[in-house]
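Chains A and B, in that order, give the protein sequences.
If you read the first sequence in our numbering, its first letter stands for residue 1, the second for the next number, and so on.
If you read the second sequence in our numbering, its first letter stands for residue 1001, the second for the next number, and so on.
Number of protein chains: 2
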Amino acid sequence: MNTDCGHIQEHEETVERAKSNMASNFKIERMCRSFKAISEPSRLRIILALMEGEMCVYHIVEACGGTQSNISHQLRVLKDNNIIKSRRDGQNVLYSISDEHVSRIIDISREHLDC
Amino acid sequence: MNTDCGHIQEHEETVERAKSNMASNFKIERMCRSFKAISEPSRLRIILALMEGEMCVYHIVEACGGTQSNISHQLRVLKDNNIIKSRRDGQNVLYSISDEHVSRIIDISREHLDC
DNA sequence: TTAATATATTAATATCTATTCATATGTTCA
DNA sequence: TGAACATATGAATAGATATTAATATATTAA
C-alpha cells in the first residue's frame, strides 16, 4: 500500500479533516451503543410502538408480540441507552420515547427505506 | 398479566395504532440491518471519515486506523447495506457516503450525544 | 400481613459478529 | 506477459448478544 492513488492532494486533505473532526473513542462507542440499541427487531418494534404513545409493559407485549421476559430485557437495553424512559404508575411501569432525536432518526430511516 | 393497568382505554388505542402502523417483519429487519451496519466503532469511524469526502481505501485506513483487511471487510458491510458506495478509478477504489439520509442520521446522533 | 398482579433479573445456551491471517483478484505499467 | 500494487475474500476463532425458563422484586388490595 502506498499513497499514490492519483488523488493524493485531495485525499490527504480529506484525511486531515477526518482526523481532526473524528470523535473520540469514548464518543464513538457511545454513538455505537445507541445505534446498536435500535438495531434489533424486537427493540425496534418496541420503539415504533412507543412512537404511537406511552404504554405499560403488558400493552407493549400486546403491540409487539414476544414474551414478557424478552420484552422486559429489551426495555432495559433501550432504557440504559436513553432511547426510552419510564415512570411507575401504581403496579405498572409506563414507558415512552425519551426524546425527539430518537423519533427523528427513526423517521428518516423509514423515509429512506420507504417503510 | 392482564389489561387492568388503569389506562386501558388510552393504551388499547395506542396498541391499535401501533399494530396498524407497525412495519412488516421484512422492513423491520431491513431497518435493523442498516442501523446495525453503523453500530460498530470501526464502521462508524469510516462513515465519519467519508462524511468529509470521498477517499480510496489506503486513505480510509490512514484516517481511521486498523488493518487494510479489516477496513475492507467493514467497507463491504457498509456497502452491502447501502450506507456507502464505491467507484473504481484505476488501481484504486474510491468510497463515499451513498446518500444524504445517512449523514442526516449521523448528524442528529452527534447533536444528540454532543459528539 | 398475605395473596395477587406487574415487572425485572439471573443464569444458561445457542447464535451471531469482529478480527486476524493468509491468500486471491483485479489493475497498471514495464 | 509478468511484476508490482491496491483491494477483496475465505476460514478460523474469540468474544458478544438474543432468547428462554425460572425466579425474584415491587406494588396494591383484601
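All residues carry an ideal CB built from backbone N, CA and C; glycine is no exception.
C-beta contact flag for residue i and residue j at 8 Å
| i | j | result |
| --- | --- | --- |
| serine 72 (chain A) | asparagine 82 (chain A) | no |
| alanine 49 (chain A) | alanine 1018 (chain B) | yes |
| isoleucine 1028 (chain B) | arginine 30 (chain A) | no |
| cysteine 64 (chain A) | histidine 1011 (chain B) | no |
| isoleucine 84 (chain A) | serine 96 (chain A) | yes |
| glutamate 1054 (chain B) | valine 15 (chain A) | no |
| histidine 112 (chain A) | histidine 1007 (chain B) | no |
| isoleucine 106 (chain A) | isoleucine 60 (chain A) | no |
Residues that residue i bridges to, as DSSP identifies them
| i | result |
| --- | --- |
| aspartate 89 (chain A) | A:Asn92 |
| methionine 22 (chain A) | DSSP output for methionine 22 (chain A) lists no bridge partner at all. |
| isoleucine 1097 (chain B) | B:Ile1084 |
| cysteine 115 (chain A) | Cysteine 115 (chain A) pairs with nothing; no bridge assigned. |
| cysteine 5 (chain A) | The partner list for cysteine 5 (chain A) (beta bridge, DSSP) is empty, contrary to what the question assumes. |
| methionine 55 (chain A) | A:Tyr95 |
By the 8 Å beta-carbon criterion, what residues does the region 1058-1090 of chain B contribute toward chain A? Tyr1058, His1059, Val1061, Glu1062, Ala1063, Cys1064, Gln1068, Asp1089, Gly1090
Output, in sequence order along the chain, the residues in the region 35-51 of chain A whose CB is closer than 7 Å to any CB in chain B. Phe35, Lys36, Ile38, Ser39, Glu40, Pro41, Leu44, Arg45, Leu48, Ala49
The region 75-95 of chain A contacting the region 26-37 of chain A, beta-carbon criterion three pairs below 8 Å: yes
Along the region 11-29 of chain A, what residues have a CB closer than 7 Å to any CB found in chain B? His11, Thr14, Val15, Arg17, Ala18, Lys19, Asn21, Met22, Ala23, Lys27, Ile28, Glu29
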